[in-house]
Amino acid sequence: MDRYAEDFDPLTPRELRSKARDMSPDWTSFLVLMVLSAFIATAGLLTDSPAIVVGSMVIAPIVSPALAASVGAAIGDREMLAASVRLQAVGIVASIVGATVLALVIRFTLFAQPDLALGSIELIGVRMAPTLLALIVGTAAGGAAALGLTTKGPTSLIGVMIAAALIPTAAATGVAIAWGNPTIAIGTLVLLVITIIAINLAATAVLFGLGYRPEGSLIGGWAR
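With this note's numbering applied, the sequence shown corresponds to residues 905 to 1128, in that order.
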């Protein structure tokens, strides 16, 4: 009765590790979904369509390895941590490359103006540089995702993906590269890196705050 009471009762470390592993996608499906979501985000940015951009965020699975990395850091699972960090890095690179390739095709097949002013596109303009608000959003999204992960029920990552907006930022980097705009490319890339680091660190901090510790830690194992 105590175990399944209505009060908040976080998962044990073993349950948390198991849940994080179950959420981690395989390499093939992960990379395919990252590239496809980047394609959709690129089209959404170039048409300045918020609906299409939101759709790309729903498809992208980037938050799952971020949570797995946070769990690995919190409970001392180095293998999970390293694998999840690699998955995030490769996924981000794949999405930028995919967005760049599609943007190049669009530019040089005259589906868009070769001299298009990227800064005039609102959905790109808001991602041209890192801001304090973007850092706050990434931190809050990571914390919310980690808190949801510790519950017994399913973890919905759609809201986290929409809040963090990682894939549209990666697509904006690819579009800027394709249009030869280093200022926007660097600005959006810095924003992307800062946001994903904020998500990882915030999720890890929340897990530590809930009492998760590496096994054998001097601080102690599991604490309520």
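We put the beta carbon where it would ideally sit given N, CA and C, even for glycine.
Just so we're clear, the structure is a prediction, and the values are computed from it rather than from any experiment.
Same chain, Cβ closer than 6 Å to residue i, neighbours up to 5 away in sequence not counted
{"i": "residue 1028", "result": "949, 1022, 1076"}
{"i": "residue 1096", "result": "1073, 1074"}
{"i": "residue 1025", "result": "952"}
Nearest candidate by alpha-carbon position, reference residue i, set the options
{"i": "residue 961", "options": "1079, 1066, 1092", "result": "1066"}
{"i": "residue 1102", "options": "1072, 1047, 1084", "result": "1047"}
{"i": "residue 1083", "options": "958, 1012, 996", "result": "1012"}
{"i": "residue 1033", "options": "1098, 915, 1112", "result": "1098"}
{"i": "residue 1079", "options": "1004, 926, 1061, 1009", "result": "1004"}
{"i": "residue 998", "options": "1054, 940, 1007, 1024", "result": "940"}
{"i": "residue 1111", "options": "1085, 1069, 1054, 1068", "result": "1054"}
{"i": "residue 1105", "options": "967, 1000, 1062", "result": "967"}
{"i": "residue 1038", "options": "1091, 963, 1008, 1061", "result": "1091"}
{"i": "residue 933", "options": "913, 1030, 963", "result": "963"}
{"i": "residue 943", "options": "1064, 985, 983, 1010", "result": "1010"}
{"i": "residue 983", "options": "924, 1087, 913", "result": "924"}
Three-state secondary structure assigned by DSSP to residue i
{"i": "residue 1123", "result": "Because residue 1123 carries a pLDDT of 47, less than 50, the predicted location of this residue cannot be relied on, and the following value inherits that uncertainty. Residue state, collapsed to three classes: coil."}
{"i": "residue 1128", "result": "With a pLDDT of only 37 at residue 1128, under 50, the local geometry of the prediction cannot be trusted, and no value is derived from it."}
{"i": "residue 915", "result": "coil"}
{"i": "residue 1000", "result": "helix"}
{"i": "residue 945", "result": "helix"}
{"i": "residue 978", "result": "helix"}
{"i": "residue 923", "result": "helix"}
{"i": "residue 1104", "result": "helix"}
{"i": "residue 1084", "result": "coil"}
{"i": "residue 1031", "result": "coil"}
{"i": "residue 956", "result": "helix"}
{"i": "residue 1023", "result": "helix"}
{"i": "residue 848", "result": "The shown model of the chain, from 905 to 1128, leaves out residue 848, and the question about it has no answer."}
{"i": "residue 969", "result": "helix"}
{"i": "residue 1061", "result": "coil"}
{"i": "residue 934", "result": "helix"}
{"i": "residue 1055", "result": "coil"}
{"i": "residue 1114", "result": "coil"}
{"i": "residue 1068", "result": "helix"}
{"i": "residue 1015", "result": "coil"}
7 Å Cβ shell around residue i - same chain, five flanking residues per side excluded
{"i": "residue 958", "result": "1066"}
{"i": "residue 1069", "result": "961"}
{"i": "residue 1061", "result": "967, 968, 1049"}
heavy atom of the ligand MG below 8 Å from residue i C-beta
{"i": "residue 1092", "result": "In terms of ligand content, the structure shown is empty, and the ligand MG therefore cannot be addressed."}
Stretch-stretch touch, CB-based, cutoff 8 Å, three pairs: the stretch 944 to 959 with the stretch 975 to 995: In short, these stretches do not touch, since the Cβ pair count stays below three.
For the structure I just gave you, are there three or more beta carbon pairs, one from the stretch 1034 to 1042 and one from the stretch 988 to 996, closer than 8 Å? No: fewer than three Cβ pairs fall under 8 Å.
With a threshold of 8 Å, are at least 3 pairs of Cβ atoms found where one atom belongs to the stretch 1048 to 1055 and the other to the stretch 967 to 975? By the Cβ test, the stretch 1048 to 1055 is in contact with the stretch 967 to 975, since at least three Cβ pairs between them sit closer than 8 Å.
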